[in-house]
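One line per chain: the protein sequences are A and B, in this order. So the first sequence is numbered by our numbering: it starts at 1 and just counts up by one. So the second sequence is numbered by our numbering: it starts at 262 and just counts up by one. Positions of the beta carbon are idealized from the N, C-alpha and C atoms, including for glycine.
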Amino acid sequence: MIGLRDLLKPHRILLILLFLAFVVWCALSLRWDWLPQYAPLALEGLWRTIWLLVVTTILGFLLAIPLGLAQAVGPWYLSTPARVFCTVIRGTPLLLQIWLLYYGLGSLFPQFPAIRQSELWPYLRQAWPYAVLALTLSYAGYEGEVMRGAFSGVGKGQLEAAKAYGMRPFAVFRRIWLPQAIRNVLPTLGGETILQLKATPLVATITVIDIYAVSSRVRADTLIVYEPLLLLALVYLVIAGIIAFIFRRIEKQVPSAIQRR
Amino acid sequence: MSDLLNMLGLAQSAELLSLSPPGWGGNLLRGLLNSLQIAFGAFGMGLVIGLFGAYGKLYGGPILRDLLAVYTTVIRAVPELVLILILYYLGSDLINKVSEAMGYGRVEISGVVAGIWVLGVVQGAYSIEVLRGAIQAVPPGQIEAARAFGMPPFMLMRRVTIPAMMSFATPGLANLWLIATKDTALLAIVGFSELTLETRQAAASTRAYFTFFLAAGALYLIVTLFSQVIFGRIERWARRGQPSLRGGTR
């Protein structure tokens with residue numbers, strides 16, 4: 001972090017003043033009269049963006065653990081599908097994946113009467129389950145690759161020691177292997193979560209109303225171009241800053257790696 | 262061949278994907294070509310920005326360094342989709358203002374140029390970080406030795422810094438290239454007919470969503486896998502003469 005002393009260097013003061021002047025100019029000479037009217041919708045969209053981010057990150061991470069484990073130590077019939085899954089997810093654009101799931105599955109499901117009559121149908125007709133599924137799979141694909149490195153990076157001696165203490169395989173995994181793997185990749189995890197945040201606006205293309213969709217709506221309704229986009233960029237900057245801050249706090253709390261070579 | 266397709270129930274898909282007009286394969290390939298063109302351009306523009314930016318960040322004055330820090334931070338924290346829209350409108354507005362001031366009237370900007378400009382600015386921010394790390398990894402003694410020989414800065418960059426940093430930069434640059442190819446899909450949202458948008462149009466008009474989206478996915482995947490092979494070669498070439506990293510620490 002930049003301390004106060006660094007911030008008070010003459011050229012930085014000048015830059016900050018210029019920036020403030022820019023902000024004041026934005027506030028005074030650009031049009032913001034649409035803001036009160038769209039504020040409730042924007043808050044709703046903001047909430048949906050954050051909800052999507054949190055849910056898909058957690059679900060994706062839970063899926064990434066078996067993916068990473070299968071690639072790191074699994075037998076070939078587990079590691080090959082896991083590797084193929086990660087390669088396919090990482091090798092194709094997320095937008096394409098979202099459209100494949102939404103339009104593809106969305107056009108396939110109504111053909112089966114069993115699905116149409118099931119309890120799930122009211123959900124399957126909406127867009128958000130497809131958004132959650134696509135974002136979860138994408139995060140799992142990228143994170144599975146990261147976790148592969150993390151699992152194989154934990155020292156062999158540690159696992160052998162745990163085994164020697166008589167821990168069962170699952171206890172070894174829960175107490176020794178997983179915590180150390182996660183600790184090793186915490187910085188990467190923070191970066192990946194910010195990437196996930198940057199992926200969320202894509203769901204607006206399948207009619208999920210997130211904060212990006214709200215800004216598009218404002219642009220379409222009022223024909224104002226820059227103001228909603230600038231505000232939107234600011235919102236994402238703030239969220240990304242918060243994510244970085246949270247991960248830095250977590251990193252500080254876990255003890256740093258003990259004498260790794 | 263056709264018997265085999267019939268047996269698998271894929272005859273219809275093959276017909277839809279055929280290259281001649283009733284099929285949409287030609288459109289997909291044209292879209293792929295557009296995507297690759299933009300990815301090349303944006304990657305190149307990103308490299309140029311990255312090289313100058315990295316030098317600016319390492320050797321520039323305090324103001325330049327702060328401005329570059331703001332550029333890389335903001336670009337990397339805001340979704341590409343939002344940046345693409347902002348830069349797209351900003352670019353076309355600026356060009357129209359300039360051309361109107363010069364008395365030409367409004368200009369229609371070609372999709373390829375707009376796409377390269379938009380993605381190039383985004384790629385530049387990532388390139389700066391990759392190249393800065395690579396330049397820093399060059400042993401300082403080599404650069405000092407070149408200076409001691411009296412090389413002017415540009416020759417030093419061409420003869421010493423760039424060849425020496427290549428091996429450190431290639432993995433990061435390979436990643437950036439893959440991101441560039443996938444980010445071209447986002448241009449579908451501003452209506453540029455690259456692979457993803459062509460696919461969607463084909464799928465929407467034939468209702469064969471799975472066929473087309475899977476085909477497009479396969480095309481992207483082929484590009485990715487092919488690029489990995491190429492970059493693997495480049496990396497081996499850049500690393501020539503250096504001790505292998507394997508068998509060292511791990």
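For residue i, would you say it is in contact with chain A, using Cβ-to-Cβ distances shorter than 7 Å as the test?
i	result
valine 343 of chain B	yes
glycine 508 of chain B	Any answer about glycine 508 of chain B is weak, because its pLDDT of 46 lies below 50 and its placement is not dependable; what the coordinates show is given next. No, its Cβ sits nowhere closer than 7 Å to a Cβ of chain A.
phenylalanine 453 of chain B	no
isoleucine 495 of chain B	no
glycine 478 of chain B	yes
lysine 443 of chain B	yes
alanine 446 of chain B	yes
tyrosine 332 of chain B	no
isoleucine 324 of chain B	yes
leucine 346 of chain B	yes
phenylalanine 304 of chain B	no
phenylalanine 471 of chain B	yes
Starting from residue i, find everything on chain A with Cβ-Cβ shorter than 7 Å and list it in chain order.
i	result
threonine 485 of chain B	Gly91
arginine 461 of chain B	Trp99
proline 432 of chain B	Going along chain A, no residue has its Cβ under 7 Å from proline 432 of chain B, so there is no contact; the nearest lies around 14 Å.
alanine 449 of chain B	Leu95
alanine 464 of chain B	Tyr103
With DSSP as the reference, label residue i as helix, strand or coil.
i	result
proline 504 of chain B	coil
phenylalanine 487 of chain B	helix
methionine 363 of chain B	coil
leucine 7 of chain A	helix
methionine 167 of chain A	coil
aspartate 33 of chain A	coil
isoleucine 370 of chain B	coil
glutamine 384 of chain B	helix
phenylalanine 206 of chain B	Because chain B here runs from 262 to 511, residue 206 of chain B falls outside it and cannot be looked at.
valine 147 of chain A	The question names valine, yet the displayed sequence has methionine at residue 147 of chain A. Helix at methionine 147 of chain A.
alanine 469 of chain B	coil
alanine 479 of chain B	helix
valine 399 of chain B	coil
glutamate 459 of chain B	helix
arginine 337 of chain B	helix
glutamate 251 of chain A	helix
glutamate 405 of chain B	helix
tryptophan 285 of chain B	coil
alanine 127 of chain A	coil
If you drop the 5 nearest sequence neighbours on each side, which residues of the same chain put their C-beta closer than 7 Å to that of residue i?
i	result
valine 421 of chain B	Gln403, Ile404 and Ala407
valine 214 of chain A	Tyr38, Leu41, Ala42 and Gly45
alanine 300 of chain B	Ala441, Thr442 and Thr445
lysine 163 of chain A	Val172
leucine 272 of chain A	What is shown of chain A runs 1 to 261, which leaves residue 272 of chain A out entirely.
Kindly list, in the order they appear in chain A, the residues whose Cβ is closer than 8 Å to that of residue i.
i	result
tyrosine 350 of chain B	Val225, Tyr226 and Leu229
phenylalanine 474 of chain B	Leu96, Trp99, Leu100, Tyr103 and Gly104
threonine 457 of chain B	Pro93, Leu95, Leu96 and Trp99
Suppose the cutoff is 6 Å on Cβ atoms and the five residues either side in sequence are ignored; what does the same chain contact list for residue i look like?
i	result
glycine 144 of chain A	Ala64, Leu67, Gly68 and Cys86
leucine 293 of chain B	Leu456 and Leu480
leucine 52 of chain A	Thr200
glutamine 180 of chain A	Val154
arginine 367 of chain B	Asn357
leucine 344 of chain B	Val383
Establish whether the CB of residue i and some CB of chain B are separated by less than 7 Å.
i	result
lysine 198 of chain A	yes
proline 187 of chain A	no
alanine 240 of chain A	yes
tyrosine 77 of chain A	no
alanine 233 of chain A	yes
tyrosine 236 of chain A	yes
serine 118 of chain A	no
leucine 15 of chain A	yes
arginine 260 of chain A	Bear in mind that the predicted position of arginine 260 of chain A carries a pLDDT of just 48, short of 50, making it unreliable; the figure below should be weighed with that in mind. Not an interface residue.
Which residues of chain B have a Cβ atom closer than 7 Å to the Cβ of residue i, listed in chain order?
i	result
leucine 265 of chain A	Residue 265 of chain A falls outside the range modelled here, since chain A spans only 1 to 261, and no answer is possible.
leucine 202 of chain A	Leu342
arginine 12 of chain A	Asp327
Tell me which residues share the same chain as residue i and place their Cβ nearer than 8 Å to its Cβ, disregarding the 5 neighbours each side in the sequence.
i	result
valine 235 of chain A	Leu46 and Ile211
glycine 509 of chain B	Only weak support exists for where glycine 509 of chain B lies, its pLDDT of 41 falling under 50; the value from the coordinates is given anyway. Cβ neighbours of glycine 509 of chain B beyond the five flanking positions: none.
serine 29 of chain A	none
valine 225 of chain A	Arg219
Taking residue i as the query, report the chain B residues whose CB atoms sit under 9 Å from its CB, ordered along the chain.
i	result
tyrosine 212 of chain A	Pro340, Leu342 and Val343
isoleucine 194 of chain A	Arg337 and Ala338
Run through chain A and tell me which residues come within less than 9 Å of residue i, C-beta to C-beta.
i	result
arginine 468 of chain B	Ser107
leucine 482 of chain B	Thr87, Val88, Gly91 and Thr92
Item to check | Within the region 35–108 of chain A, ranges of the alpha helix (DSSP H) (whole runs, at least 4 residues) | outcome: 35–73, 76–91 and 94–99
Checklist entry - Quick one: complete alpha helix (DSSP H) runs, 4+ long, within the region 186–238 of chain A? => result 211–222
Item to check | Every unbroken alpha helix (DSSP H) inside the region 299–331 of chain B [4 residues or more] | outcome: none
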